[in-house]
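Visitor:
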Amino acid sequence: MRILSYNCRGLGKKRAVKSLDSLMKRVTPQLVFLMETKQTKEENESTRRELGFEEGDSWSTDHSHGGRAGGISHWWKEGMNVIIMSLSFNHIDARVVEDNGFVWRFSGVYGWPETQDKYKTWEVIDRLTEQWTGAWLCGGDFNQVLSPTEKDVGRAVVDHEMNDFQSCLTDAGLQDLGFNGHQFTWENRRVGGRFIEERLDRFTASDDWRATFPQARVTHLAKERSDNRPMLCDTKGEEDEEPRWGRSFHFDPFWSRHEDCRRTIEEAWGQPNQGDCLTKLLFCRSHLEQWSRRAFPNFHKQKARIRRALEALGRVERTQIIADQIIQLEQEMDEVESNEESY
């Protein structure tokens, strides 16, 4: 079984829904936990059905501050035996019954981001702990790191916040399942400013759950339209399909006939403070893919090339220049999707 957890940062726009649909088709989850949908219950139900999930439940977005905030949802494929036990603005708790009769629990948690409110997240997990003694998978965006190594730059990590989180997980009998892929799950997406990354999203599990699914594998997927990366937990430990976007780059000889091809390569290679030769090559690849998309437009290929460029940049050490390049690629994806809609 594949479980997707994703702080999607809003599904109000058509392009955001299309991006989520594309992600679903690539990683094919059976269970989905979404945070920050910024949708009403009715809107979320419509999106759920549009994306091929017949069953699910959600908590509506908050309108108390004059805009839209929050909103969480839990979807699952038709034919699965899933029972929602409780839900709130910050959690969804469900029991999953396997075909062989084995019952386990999935809890999706969206932690309070404000320092003064973090204790509320631990209180939610404490209450859930009291209600279940069996196999348990708990995941989501906890809005908290567990160690100083899970934060890159920015405000210093506060010891008591990490200790409170670790104590909460220990008391609940939950252990971090680890991950494959990029180390951090959240970034501040700031162009030209101070770039910050943190690991705020994770899957945790009880001993019973880990014993039942010993091959379970968690992958931090490539970033989509959100500040947060999607996470995929595969109980069978199979390789996710995301790496296919990272296949080798192909230089089309036809490009060299275009008058702007050489200039594009020279500009990319000549940018200052790029680092070593590998980083320069990745910049050339990224710039060529962007240029070729403009020179020889094809919406499907354009989006695929952007994804490959993003995946390639995601595998190298983050610098401010790399972060700016990623944000520019994401902005170009928005432009391509907008042009596709207009077309």
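Per the UniProt record's numbering, the very first residue in the sequence shown carries number 1; after that it's consecutive. The C-beta atom is built at its ideal place from N, Cα and C for all residues, glycine as well.
CA-CA distance, Gln-331 and Gln-290?
Guide: Along the sequence shown, one-based indexing puts residue 331 at 331. Along the sequence shown, one-based indexing puts residue 290 at 290. One C-alpha to the other measures close to 12 Å.
Visitor: In angstroms, rounded to a whole number, what distance separates the CA positions of Pro-29 and Ala-211?
Guide: Counting from 1 along the sequence shown, the entry for residue 29 is found at position 29. Counting from 1 along the sequence shown, the entry for residue 211 is found at position 211. Rounded to whole angstroms, Pro-29 to Ala-211 spans 22 Å at the Cα level.
Visitor: For His-74, count neighbouring C-beta atoms within 10 Å of its own C-beta (all shown protein chains included) and say buried if the count is 16 or more, exposed if not.
Guide: Numbered from its first residue, the sequence shown carries residue 74 at position 74. His-74 is buried by the Cβ-count criterion.
Visitor: Here's a check: name, in chain order, each residue in its chain whose Cβ is nearer than 6 Å to the Cβ of Cys-138, leaving out the five neighbours to either side.
Guide: Locating residue 138 in the sequence shown gives position 138, counting from the first residue. Within the same chain, Cys-138 has close Cβ partners Ser-107, Leu-174 and Thr-204.
Visitor: Taking the alpha-carbon of Ser-5 as reference, which of Lys-18, Lys-14, Ala-16 and Leu-23 has the nearest alpha-carbon?
Guide: Within the sequence shown, residue 5 is the residue found at index 5, counting from 1. Comparing Cα-Cα distances from Ser-5 to each of Lys-18, Lys-14, Ala-16 and Leu-23, the minimum goes to Leu-23.
Visitor: I think Thr-235 touches Met-1, with their Cβ atoms under 8 Å apart; what is that distance to the nearest whole Å?
Guide: By one-based count along the sequence shown, residue 235 stands at place 235. By one-based count along the sequence shown, residue 1 stands at place 1. Contact flag correct, Cβ pair sits at about 5 Å.
Visitor: Taking the straight line between their C-alpha atoms, what separation do you get for Lys-14 and Glu-36?
Guide: Along the sequence shown, read from residue 1 onward, the residue named residue 14 stands at position 14. Along the sequence shown, read from residue 1 onward, the residue named residue 36 stands at position 36. Lys-14 and Glu-36: Cα-Cα distance of roughly 16 Å.
Visitor: Which ranges would you report for the beta strand (DSSP E) in the stretch 114–200 if only whole runs of at least 3 residues count?
Guide: Whole beta strand (DSSP E) segments, 3+ residues: 136–141.
Visitor: Kindly indicate which three-state DSSP category Gly-237 falls into: helix, strand or coil?
Guide: Locating residue 237 in the sequence shown gives position 237, where the first residue counts as 1. The answer is coil: DSSP assigns Gly-237 none of H, G, I, E or B.
Visitor: Where do the ends of the alpha helix (DSSP H) carrying Arg-315 lie?
Guide: Residue 315 sits at position 315 when you count from the first residue of the sequence shown. Premise fails: Arg-315 is in no alpha helix (DSSP H) and is neither H nor E.
Visitor: Taking only the alpha-carbon atoms, compute the straight-line gap between Ser-147 and Asp-164 and give it to the nearest angstrom.
Guide: For the purposes of this step, residue 147 is identified with residue 147 of the sequence shown, where counting begins at 1. For the purposes of this step, residue 164 is identified with residue 164 of the sequence shown, where counting begins at 1. Cα to Cα, Ser-147 sits roughly 12 Å from Asp-164.
Visitor: Take Glu-224 and list the residues in its own chain whose beta-carbon comes closer than 7 Å to its own, dropping the five residues that flank it on each side.
Guide: Position 224 of the sequence shown, counted from the start, is the residue given in the question as residue 224. So the qualifying residues of the chain are Ser-19, Leu-23 and Pro-230.
Visitor: Are the CB atoms of Thr-47 and Val-82 within a distance shorter than 7 Å?
Guide: Your numbering for residue 82 matches position 82 in the sequence shown. Your numbering for residue 47 matches position 47 in the sequence shown. The answer is no: Cβ separation not under 7 Å.
Visitor: Cutting at 7 Å between CB atoms, please list the residues of its own chain near Phe-213, excluding the five before and the five after it.
Guide: Counting from 1 along the sequence shown, the entry for residue 213 is found at position 213. Within the same chain, Phe-213 has close Cβ partners Thr-235.
Visitor: For a quick check, are the C-beta atoms of Gln-320 and Phe-195 less than 7 Å apart?
Guide: As a first step, residue 320 must be located in the sequence shown, where it is residue number 320. As a first step, residue 195 must be located in the sequence shown, where it is residue number 195. Going by C-beta atoms, Gln-320 is nearer than 7 Å to Phe-195.
Visitor: Here's a check: name, in chain order, each residue in its chain whose Cβ is nearer than 8 Å to the Cβ of Asn-180, leaving out the five neighbours to either side.
Guide: Numbered from 1 along the sequence shown, position 180 holds the residue referred to as residue 180. Taken in chain order, the residues that qualify are Arg-217, Val-218, Thr-219 and His-220.
Visitor: Gly-70 and Phe-89: beta carbons closer than 7 Å?
Guide: Position 70 of the sequence shown, counted from the first residue, corresponds to residue 70. Position 89 of the sequence shown, counted from the first residue, corresponds to residue 89. Going by C-beta atoms, Gly-70 is nearer than 7 Å to Phe-89.
Visitor: When you compare each of Ser-292, Arg-308 and Leu-329 to Trp-255 by their alpha carbons, which one comes out closest?
Guide: Within the sequence shown, the letter at position 255 stands for residue 255. Taking only the C-alpha atoms, the option nearest Trp-255 is Ser-292.
Visitor: Use the C-beta contact count for Lys-301: other C-beta atoms within 10 angstroms, 16 or more gives buried, fewer gives exposed.
Guide: Taking the first residue of the sequence shown as 1, we reach residue 301 at position 301. By the neighbour-count rule (16 or more Cβ atoms within 10 Å), Lys-301 is not buried but exposed.
Visitor: Once the 5 residues before and after Leu-34 are set aside, which same chain residues still bring their CB inside 7 Å of it?
Guide: In the sequence shown, residue 34 corresponds to position 34, counting from 1. Closer than 7 Å at Cβ, skipping near neighbours: Tyr-6, Cys-8, Ile-72 and Ser-73.
Visitor: Per DSSP, His-91 forms a beta bridge with which residues?
Guide: What you label residue 91 is simply residue 91 of the sequence shown in a count that begins at 1. Val-109, per the DSSP bridge assignment.
Visitor: Suppose the cutoff is 6 Å on Cβ atoms and the five residues either side in sequence are ignored; what does the same chain contact list for Glu-78 look like?
Guide: Position 78 of the sequence shown holds residue 78. Here the set comprises Glu-54.
Visitor: Going by CA-CA distance only, name the one from Arg-263, Lys-303, Leu-313 and Asp-260 that's closest to Ser-286.
Guide: As a first step, residue 286 is located in the sequence shown; it is residue number 286 there, counting from the start. Residue Leu-313 is the option with its Cα nearest to Ser-286.
Visitor: Per DSSP, Asn-7 is paired with what?
Guide: Start at 1 with the first residue of the sequence shown, and residue 7 comes out as number 7. Paired residues: Met-35.
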